[in-house]
């Protein structure tokens, strides 16, 4: 009888996947796991860490990023389907896959942009978005970074920086220098090329010295020489113990920076490879 | 609060440097040619000056001019809020609540600055041949009587007899400015709420419908006009031509507009918590 009730709950959960809300309560997937109704281990894993589905709650703190059974439907389209992944502190993980496979949406979910989804996301042990609306200690680039075109690169960063902190010219200049925009920092952003805007986006992610970087196509529009500089910069950050979740179409970038590579297809993880 | 004000002023800065500012110039030329110049010509024909406040009051009570001022404002804020620029970085750092509050404050500041500047410029234009006093000018009170019916400009279309009979110019200016400001804020808040709900285009169309329907209904003097915010912002609709013969109290209209604004502020605060703010432009 209890099992029947549990099954009914699971079915209701699937029908209302879009309405399901992680911060409204525990997801039905978790209930299903407790009932033993779902396979206990993720399939199609080559190498790398396997995430058991029956996880005790204390594991949430073990990982910098922990995604458990994440599913997301937008307008009845299945965008993400039962994604589970974890990233440990100091680890760099690459997300690869064709356009539209769900890399960017997955990153947006981890960053807290989607308030409604099925499953659970923990960043630095805090459940997103119920415990933390947006994870605090994360620097990110999502798609092509946008800035106020009529303002200089420096002023754009300064406005963003002063939202959380007292203005720190040294910090901002250091980030600008790291991404190679020192000579053009006072030029208006409207005069920047796509690659320069991308670098400014990276400076924006770096300037607050976060513990985690979530970078969606950070090499987009950057020339070969510039890409090598950015690769080196990200490797340096990783060596400092920073956690990186990176998506790119270029395997060379992923293999140079990342410890593991996760391949997505049609919103599902199809392969996980150690590098 | 610091984050909220930071968001509001950064939006305001973006708004000020927006290319859409050119619309204000176009709108001002329209209002000048259709309202201020005819009023001044009427005054010149009587060899009497206008009160500087009269063109200002007229601009907030004459149907076409009100329509132009409101539509221009709506077009100017149509790009706000947006997720296309650096907005995602702001929202991320400030949080949804502070961001939504910042947007609301931006709407209030932009509406106030816009209307104040428009009225100030109209006042400046009228000032070389005008006088400054808390009393109506002779052209405002007697021009229509001195003209043959059906010939040329009608002063009552600019400043209605309803206003002239019922209150002095300074009070009329106050009771025209604040309801117009509140109605602009209301349209902006409706637009913000629609944006947060993911229906930016629909919200914009609803605003345009409210403005045009409101103006049309007041022009027809329909009894249903009080259901729309526009009639509450037009001072002349509140009176009949006889002294103190109220159709609707101007103070009550202010309360209605404040109440509606407050309602949409609360709705926006709730909607911002559930909205996917990264994609607000795409729906």
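Chains as they are written, first to last, in the working numbering: chain A, 1 to 275; chain B, 1 to 283. Beta carbons are placed, not taken as given, at the ideal position from N, Cα and C, and that holds for glycine.
Is DSSP giving residue i helix, strand or coil here?
| i | result |
| --- | --- |
| residue 1(B) | coil |
| residue 240(B) | coil |
| residue 191(B) | helix |
| residue 192(A) | coil |
| residue 254(A) | helix |
| residue 156(A) | helix |
| residue 84(A) | strand |
| residue 223(A) | coil |
| residue 268(A) | strand |
| residue 86(B) | coil |
| residue 65(A) | strand |
| residue 98(A) | coil |
| residue 209(A) | coil |
| residue 232(A) | helix |
| residue 197(B) | coil |
| residue 131(A) | coil |
| residue 80(B) | coil |
| residue 240(A) | coil |
According to DSSP, which residues form a beta bridge with residue i?
| i | result |
| --- | --- |
| residue 126(A) | 123(A) |
| residue 14(B) | Bridge partners of residue 14(B): none, in fact. |
| residue 77(A) | 74(A) |
| residue 260(A) | 93(A) and 274(A) |
| residue 130(B) | 50(B) |
| residue 118(A) | 71(A) |
| residue 161(A) | Note: residue 161(A) sits in no beta bridge, so no partner. |
| residue 246(B) | 239(B) |
Along the chain, where does the beta strand (DSSP E) that runs through residue i open and close?
| i | result |
| --- | --- |
| residue 119(B) | Segment 96–126 is the alpha helix (DSSP H) holding residue 119(B); no beta strand (DSSP E) there. |
| residue 247(A) | 243–247 |
| residue 138(A) | 138–141 |
Does any CB atom of chain A fall closer than 8 angstroms to the CB of residue i?
| i | result |
| --- | --- |
| residue 17(B) | yes |
| residue 198(B) | no |
| residue 78(B) | no |
| residue 274(B) | yes |
| residue 20(B) | no |
| residue 10(B) | yes |
| residue 95(B) | yes |
| residue 90(B) | yes |
| residue 51(B) | no |
| residue 166(B) | no |
| residue 6(B) | yes |
| residue 86(B) | yes |
Establish whether the CB of residue i and some CB of chain B are separated by less than 8 angstroms.
| i | result |
| --- | --- |
| residue 160(A) | yes |
| residue 23(A) | The pLDDT assigned to residue 23(A) is 35, lower than 50, so where the model puts this residue is not dependable; a value taken from the coordinates is nonetheless given after this. No, no contact with chain B. |
| residue 134(A) | yes |
| residue 65(A) | no |
| residue 210(A) | no |
| residue 163(A) | yes |
| residue 204(A) | yes |
| residue 115(A) | yes |
| residue 94(A) | no |
Only counting the same chain, and skipping five residues up and downstream in sequence, which positions put a Cβ closer than 8 angstroms to that of residue i?
| i | result |
| --- | --- |
| residue 242(A) | 90, 210, 211, 212 and 213 |
| residue 75(B) | 20 and 23 |
| residue 179(B) | 232, 233, 234, 235, 250, 253, 254 and 257 |
| residue 103(A) | 95, 96, 97, 216, 247 and 264 |
| residue 217(B) | 224, 225, 228, 230 and 231 |
Give me, in chain order, the residues of the same chain whose beta-carbon lies closer than 7 angstroms to that of residue i; leave out the 5 immediate sequence neighbours on both sides.
| i | result |
| --- | --- |
| residue 229(B) | 183, 186, 210, 214, 257 and 260 |
| residue 56(B) | 119, 122, 123 and 173 |
| residue 46(B) | 138, 139, 143 and 146 |
| residue 250(A) | 219 |
| residue 207(A) | 157, 161, 171, 172 and 175 |
| residue 38(B) | 153 |
Name the two residues that bound the continuous alpha helix (DSSP H) containing residue i.
| i | result |
| --- | --- |
| residue 104(A) | 103–111 |
| residue 77(B) | 63–77 |
| residue 304(B) | Past the boundaries of the shown model lies residue 304(B); chain B is included only from 1 to 283, so the question cannot be answered. |
| residue 143(B) | 138–146 |
| residue 212(A) | Where residue 212(A) is concerned, there is no enclosing alpha helix (DSSP H), although the beta strand (DSSP E) it sits in stretches over 212–216. |
| residue 207(B) | 200–220 |
| residue 233(B) | 229–233 |
| residue 171(A) | 169–178 |
| residue 155(B) | 155–158 |
| residue 252(B) | 250–274 |
| residue 162(B) | 161–166 |
| residue 147(A) | Unbroken run through residue 147(A): none, as it is neither H nor E. |
| residue 22(B) | 22–31 |
Spatial neighbours of residue i within its chain, please: C-beta separation below 6 angstroms, excluding the five flanking residues on both sides.
| i | result |
| --- | --- |
| residue 44(B) | none |
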